[in-house]
Amino acid sequence: MRIRSFLPLVLATAAFAIPPGSLAPNFTGIDSNGHTQTLAQYRGKYVVLEWANKGCPYEQKHYNSGNMEKLQQEWTSKGVVWLSILSSAPGKQGNVSPAEENEYLKTMHAAPTAAILDASGTIGRLYDAKTTPHIFVIDPAGRVIYQGALDDQPTPDPDSLANAHNYLSEALTDAMANKPIPTPVTRPYGCSVKY
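15 is the number of the first residue of the sequence shown in our numbering; add one for each residue after it.
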């Protein structure tokens, strides 16, 4: 009886998003500068996908503190491609025009490689992105090596960052050192993606 009660949870977790080791689905999207972005064009590089929504308090924790910008700068300086993806539908929180997104990135000193405007939710649904933020790390062979939360502090409180264990940095550091990733899947936290 006890095992049965845990079974649905295990199945739900196992089926969540894209399991590590899976080939990351290719996509095509238009970024805030009007350029076409595809995952395939970055084959041979590490890629971070970050689902974003500037109206979400969890996202604000990472951007208003400078944490997300610091991570973007750190990893893009090491050759990692960082794609912020905005899957908020028209009329929903987080849906912005290209000009609004570019102004936000400039104001926040954010440094993603590109910000893809996915108002149709096509890319978000392809990856089963659940929250903002929801992070995916893809290796140079095009396989997902991490997906889930940015860190282990599921709160909008910026003070939590002082003691945070950053799963994204751990995944990239270990992968680049040819080490196994100790935590390849976590449950993402944040606001729901506003499809």
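Quick reminder that beta carbons are idealized off the backbone N, C-alpha and C, glycines included.
Given residue i as reference, the closest of the options once Cα atoms are compared
i: N47; options: P112, D132, L63; result: P112
i: A178; options: M122, K75, T145; result: K75
i: Y209; options: L182, N180, G135; result: G135
i: A191; options: G138, K92, P104; result: K92
i: G43; options: G138, T121, P172; result: G138
i: Y203; options: T52, F41, A66, A54; result: A66
i: G58; options: C70, S183, A38; result: A38
i: T169; options: A189, T146, A185, Y160; result: T146
i: E88; options: N109, T187, T52, S206; result: T187
i: S174; options: I159, W96, Y72, E117; result: Y72
i: F150; options: S183, Y118, S206; result: S183
i: W96; options: G69, E115, V61; result: V61
Sub-9 Å separation of residue i and residue j beta-carbons
i: I152; j: A129; result: no
i: A143; j: S101; result: yes
i: R201; j: S36; result: no
i: T90; j: T121; result: no
i: L164; j: E83; result: no
Three-state secondary structure (DSSP) of residue i
i: L131; result: strand
i: T136; result: helix
i: R16; result: Reliability fails at R16, whose pLDDT of 38 lies under 50, so the model's placement of it is uncertain and the value that follows must be treated cautiously. It is helical.
i: A191; result: coil
i: T146; result: strand
i: S183; result: helix
i: Y118; result: helix
i: S174; result: helix
i: Y160; result: strand
Buried versus exposed call for residue i [16 or more other C-beta atoms within 10 Å across all chains shown]
i: Q212; result: Because the chain here runs from 15 to 209, residue 212 falls outside it and cannot be looked at.
i: H49; result: exposed
i: Q55; result: exposed
i: G105; result: exposed
i: P22; result: Residue placement at P22 cannot be trusted, given a pLDDT of 34 that sits under 50; what the coordinates show is reported in the next sentence. Its Cβ having fewer than 16 others within 10 Å, P22 is exposed.
i: R16; result: Note that R16 has pLDDT 38, beneath the 50 cutoff, so the model's placement of it is unreliable and the number below is only indicative. Classification of R16: exposed, given that the 10 Å Cβ count is below 16.
Proximity test, Cβ basis, 9 Å: residue i and chain B
i: Y56; result: The structure shown contains no chain B; it is built from a single protein chain.
Could you pull out every unbroken alpha helix (DSSP H) segment of at least 4 residues lying fully inside the segment 22–104, listed in chain order? 71–78, 81–90
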